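Right, one structure below, let's go through it.
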Amino acid sequence: MGVRVETQQREDQETITKNCQTNEVPTIPILTPYKMGKFDLSHRIVLPPMTRQRSYNNIPQPHAALYYSQRTTKGGLLITEATVISEAARGYKDTPGIWSKEQVEAWKPIVDAVHAKGGIFFCQIWHVGRASTYDYQPNGQAPISSTSKQLMPQFQANAEEAAKFSPPRRLTTDEIPQVINEYRLAASNAMEAGFDGVEIHGAHGYLLDQFMKDHINDRTDQYGGSLENRCRFALEVVEAVANEIGADRVGLRLSPYANYMDSGDSNPTALGVYMAESLNKYGVAYCHMVEPRMKTSEESFECTESLLPMRKAFKGTFIVAGGYDKEDGNKAVAENRTDLVSYGRLFLANPDLPRRFELDAPLTKHNRSTYCLSDPVVGYTDYPFLEDTA
1 MGVRVETQQR
11 EDQETITKNC
21 QTNEVPTIPI
31 LTPYKMGKFD
41 LSHRIVLPPM
51 TRQRSYNNIP
61 QPHAALYYSQ
71 RTTKGGLLIT
81 EATVISEAAR
91 GYKDTPGIWS
101 KEQVEAWKPI
111 VDAVHAKGGI
121 FFCQIWHVGR
131 ASTYDYQPNG
141 QAPISSTSKQ
151 LMPQFQANAE
161 EAAKFSPPRR
171 LTTDEIPQVI
181 NEYRLAASNA
191 MEAGFDGVEI
201 HGAHGYLLDQ
211 FMKDHINDRT
221 DQYGGSLENR
231 CRFALEVVEA
241 VANEIGADRV
251 GLRLSPYANY
261 MDSGDSNPTA
271 LGVYMAESLN
281 KYGVAYCHMV
291 EPRMKTSEES
301 FECTESLLPM
311 RKAFKGTFIV
321 AGGYDKEDGN
331 KAVAENRTDL
341 VSYGRLFLAN
351 PDLPRRFELD
361 APLTKHNRST
371 YCLSDPVVGY
381 TDYPFLEDTA
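Residue 355 in this note's numbering sits at position 355 of the sequence shown; the count goes up by one each step and never skips.
So this is what it looks like as structure tokens:
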């Protein structure tokens with residue numbers, strides 16, 4: 001698989017370079033086609049996971065069909081907002097789930113709406129770990145984590161007060177296979193709902209990250225201590241999900257440099273490279289990695305680190321995320337630093353983002369205060385298309 005992807009990367013690069021050197025209309029690198037394993041993408045702009053908190057009682061709602069289909073283009077890759085794998089995986093109000101039959105049935109028309117427009121749709125599967133409270137847990141039990149260290153209060157999205165979290169319970173070694181099985185079942189449910197694949201959420205201080213990052217993980221069993229041990233849980237999840245639905249339908253999102261949710265690491269480059277190299281043996285479809293400049297979920301910082309070592313280490317499709325604009329994304333693709341580029345806030349506020357990039361049209365500014373409103377329209381499906389602003 002690695003040779004095939006590398007060959008395509010070379011061919012893509014030659015095509016982009018040749019087109020840019022001719023007198024023809026210049027190629028826009030992020031609008032060139034790309035083959036991601038079995039999936040033929042018409043462009044390289046990805047809708048990444050963005051928590052919107054409009055799935056009342058954890059049931060996906062009809063308005064999500066409009067939201068995702070608005071942002072669908074034929075051959076475009078979309079990833080759902082983070083979707084919880086079990087009742088105990090919850091940590092936020094009204095986030096969608098995929099552990100029950102009712103949830104699977106609710107996802108089906110949403111997936112159909114994306115497929116009707118020719119989109120490729122992956123479901124991001126998620127366990128928040130210690131980023132939860134007793135209120136979200138079955139029978140008011142403690143949230144689970146790699147540790148018993150409590151997460152400090154955090155400011156999130158448009159909240160006026162810092163969110164507080166309950167003290168977690170350290171997972172026992174014997175319990176870990178049960179949680180791995182929850183990921184496997186969620187992936188199986190995603191296939192039943194009609195999704196093209198799943199993205200495992202291994203970023204931003206949630207459960208898998210709580211094992212990978214040494215600022216959190218203080219275990220002394222085979223899931224703690226060395227880098228290999230800390231990454232073991234995440235890779236066992238990848239293996240279980242890949243075995244269940246096929247590796248060519250699996251992606252993993254990572255944020256080695258982020259310290260969001262107190263999830264720092266003493267050597268993030270080593271962590272990122274180890275995970276990228278380890279993923280190669282499973283043959284997964286892609287690795288979706290957050291830029292070092294995005295130390296937190298909202299702010300971009302100047303930094304000297306780069307994702308290039310991970311790009312070079314990983315043999316599959318590489319997706320970058322974090323603070324990209326059109327120029328930045330084009331440059332990253334043209335320089336072969338990535339295959340695909342995720343645009344979060346820009347895609348949120350501009351449902352026809354690929355078209356706007358193609359025409360070099362002005363972009364609508366996102367409204368942070370409406371990110372996580374429960375309103376089914378405001379800040380969700382009411383962002384204008386180009387024809388609405390003409």
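C-beta: ideal position from N, C-alpha, C; glycine also. Remember, predicted model here, so these are calculated numbers, not experimental data.
Helix, strand or coil: how does DSSP classify residue i here?
i: Met191; result: helix
i: His115; result: helix
i: Tyr425; result: This structure cannot speak to residue 425, because the chain is shown only from 1 to 390.
i: Trp126; result: strand
i: Asn23; result: Note on Asn23: pLDDT 48, under 50, position unreliable in the model; no value is reported.
i: Met310; result: helix
i: Thr83; result: strand
i: Gln210; result: helix
i: Val104; result: helix
i: Asp388; result: helix
i: Val179; result: helix
i: Gln154; result: strand
i: Asp360; result: coil
i: Ile345; result: The sequence as given places Arg at residue 345; Ile does not occur at that position. If DSSP states are grouped into helix, strand and coil, Arg345 belongs with the helices.
i: Arg337; result: coil
i: Arg170; result: strand
i: Ile30; result: helix
i: Val377; result: coil
i: Gly264; result: coil
i: Ser145; result: strand
i: Tyr383; result: coil
i: Gly140; result: helix
Are residue i and residue j closer than 7 Å when you measure CB to CB?
i: Pro268; j: Tyr257; result: yes
i: Ile180; j: Ala106; result: no
i: Ile376; j: Arg54; result: Just to set this straight, residue 376 is Pro in the shown sequence, not Ile. Yes, they are a contact pair.
i: Leu353; j: Phe347; result: yes
i: Lys439; j: Ala193; result: In the structure as shown, the chain begins at 1 and stops at 390. Residue 439 is therefore absent and cannot be evaluated.
i: Ala186; j: Ile125; result: yes
i: Leu235; j: Ser266; result: no
i: Ser263; j: Gly323; result: no
i: Val320; j: Thr304; result: no
i: Ser255; j: Ala203; result: yes
i: Phe357; j: Lys326; result: yes
i: Ile98; j: Asn243; result: no
i: Phe39; j: Ile120; result: yes
i: Pro177; j: Ala142; result: no
i: Met310; j: Met294; result: no
i: His215; j: Arg253; result: no
Between the options, which has its C-alpha nearest residue i's C-alpha?
i: Ala276; options: Gly246, Ala190, Val238; result: Val238
i: Ser86; options: Ile144, Ala313, Glu182, Ala190; result: Glu182
i: His127; options: Glu305, Gly264, Gln210; result: Gln210
i: Arg130; options: Ser146, His115, Cys123; result: Ser146
i: Asp388; options: Asn350, Arg368, Glu358, Tyr371; result: Asn350
i: Ala74; options: Leu41, Glu244, Asn280; result: According to the sequence shown, residue 74 is Lys rather than Ala. It is Leu41 whose Cα lies nearest to the Cα of Lys74.
i: Gly37; options: Asn217, Val284, Glu327; result: Val284
i: Arg219; options: Tyr68, Thr172, Pro96; result: Thr172
i: Thr83; options: His63, Tyr34, Glu199, Asp112; result: Glu199
i: Met212; options: Arg293, Ala270, Pro168; result: Ala270
i: Asn229; options: Tyr274, Val104, Tyr260; result: Tyr274
i: Tyr371; options: Thr51, Pro384, Thr133; result: Thr51
i: Phe318; options: Arg345, Asn280, Ser69, Arg293; result: Asn280
i: Ala159; options: Leu386, Val378, Asp382, Arg368; result: Arg368
i: Lys365; options: Gly344, Arg355, Ser374, Leu373; result: Gly344
i: Ala332; options: Val378, Lys35, Glu291; result: Glu291
i: His63; options: Pro177, Ile176, Val114; result: Val114
i: Met191; options: Tyr134, Thr27, Cys123; result: Cys123
From what residue to what residue does the beta strand (DSSP E) around residue i run?
i: Ala321; result: 317-321
i: His288; result: 286-290
i: Gly251; result: 250-254
i: Met294; result: From DSSP, Met294 is part of no beta strand (DSSP E); its letter is neither H nor E.
i: Tyr34; result: 34-36
i: Ile45; result: 45-47
i: Phe39; result: 39-41
List the endpoints of the continuous alpha helix (DSSP H) containing residue i.
i: Val333; result: 326-334
i: Ile200; result: From DSSP, Ile200 is part of no alpha helix (DSSP H) but of the beta strand (DSSP E) over 197-202.
i: Val237; result: 227-245
i: Ser278; result: 268-280
i: Leu66; result: 62-70
If we count Cβ pairs, one from each stretch, closer than 8 Å, do we get three or more for the segment 152-161 versus the segment 75-82?
no
Do three or more CB pairs link the segment 225-236 to the segment 132-140 at distances below 8 Å?
no
Sufficient close CB pairs (3 or more, under 8 Å) joining the segment 82-97 to the segment 32-46:
no
Taking one C-beta from the segment 245-252 and one from the segment 164-171 each time, how about it: are there three or more such pairs within less than 8 Å?
no
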